[in-house]
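Peer 1:
In our numbering, the protein residues as written are 262 to 479.
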């Protein structure tokens, strides 16, 4: 059964490969499936990306020019940067495999890279993150519903949570919500006031609201 590649669209990938041709080819192939792919040739460039961007998975060649991908992963782990990783290599060296196992690397792919195999591996790595995020969202919905009294507002709460961005911001107006749901403006205003009073959803700008997950830890 083919895997759901759609889940990759919200994730950022760091790809470390010193072969410029392979770097471009793989980067071009992956960019249609992921949110962002940052392709670099050195560990210095890779470290810069890690410090400046959100990275969800690292794909790294083992044998880089004058460098080693395994040593790079060891280094970032020593700095408490724990990001799922996939190693690529042209050699089936047992020592490398043992080192990869010790590092708890998620996968180990032999070159030439099969793009379908790489995509499947990315899905395997990221699916638990997607499932965890979905479970957390459902838990927050249930807790929020428990904090309000009017059952008619449940669908609105679900809509808000399904449209939070990665920073837990919701963008929308009363009229936009009323266009989607059969709800009166006074009822909708009361819902937002109730959520604000409980510090669950705070208005931070025009048509912009911030969800505070900590407010549900009761």
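Virtual Cβ for every residue (Gly too), placed ideally from N, Cα, C.
Is the Cβ-Cβ distance between residue 442 and residue 470 less than 8 angstroms?
Peer 2: Reading the chain shown from its first residue, position 181 is the one you call residue 442. Reading the chain shown from its first residue, position 209 is the one you call residue 470. No, these two residues do not count as a Cβ contact at 8 angstroms.
Peer 1: Which first and last residues belong to the alpha helix (DSSP H) in which residue 471 is found?
Peer 2: Taking the chain shown and counting its residues from 1, the one referred to as residue 471 is at position 210. That residue, residue 471, is in no alpha helix (DSSP H); its beta strand (DSSP E) goes 469-472.
Peer 1: Three or more C-beta pairs closer than 8 angstroms, one from the stretch 321-331 and one from the stretch 285-294: is that the case here?
Peer 2: Output reads no: the stretch 285-294 does not touch the stretch 321-331.
Peer 1: Starting from the N-terminal side, write out each stretch of the beta strand (DSSP E) that is 3 residues or longer and does not extend beyond the stretch 381-419.
Peer 2: Runs found: none.
Peer 1: Would residue 281 pass as a contact of residue 302 if the rule is Cβ separation under 8 angstroms?
Peer 2: In the chain shown, the residue the question calls residue 281 occupies position 20. In the chain shown, the residue the question calls residue 302 occupies position 41. Taking 8 angstroms as the Cβ cut-off, residue 281 and residue 302 qualify as a contacting pair.
Peer 1: Let me know the secondary structure DSSP gives residue 282 once reduced to three states.
Peer 2: Your numbering for residue 282 matches position 21 in the chain shown. If DSSP states are grouped into helix, strand and coil, residue 282 belongs with the helices.
Peer 1: Could you give the C-beta distance for residue 417 and residue 444, rounded to a whole number, given that I count them as a contact under 8 angstroms?
Peer 2: Numbered from 1 along the chain shown, position 156 holds the residue referred to as residue 417. Numbered from 1 along the chain shown, position 183 holds the residue referred to as residue 444. Rounded, the Cβ-Cβ distance is 7 angstroms, consistent with contact.
Peer 1: Under the DSSP definition of a beta bridge, which residues are partnered with residue 466?
Peer 2: On the chain shown, position 205 is the one that residue 466 refers to. Paired residue(s): 469.
Peer 1: Can you tell me whether residue 445 is helix, strand or coil according to DSSP?
Peer 2: Here the question's residue 445 lines up with position 184 in the chain shown. If DSSP states are grouped into helix, strand and coil, residue 445 belongs with coil.
Peer 1: Any idea which residues DSSP pairs residue 346 with across the strands?
Peer 2: Locating residue 346 in the chain shown gives position 85, where the first residue counts as 1. DSSP output for residue 346 lists 319 as bridge partner(s).
Peer 1: Does the stretch 375-384 come close enough to the stretch 442-462 to have 3 or more Cβ pairs within less than 8 angstroms?
Peer 2: They do not touch, by the three-pair rule.
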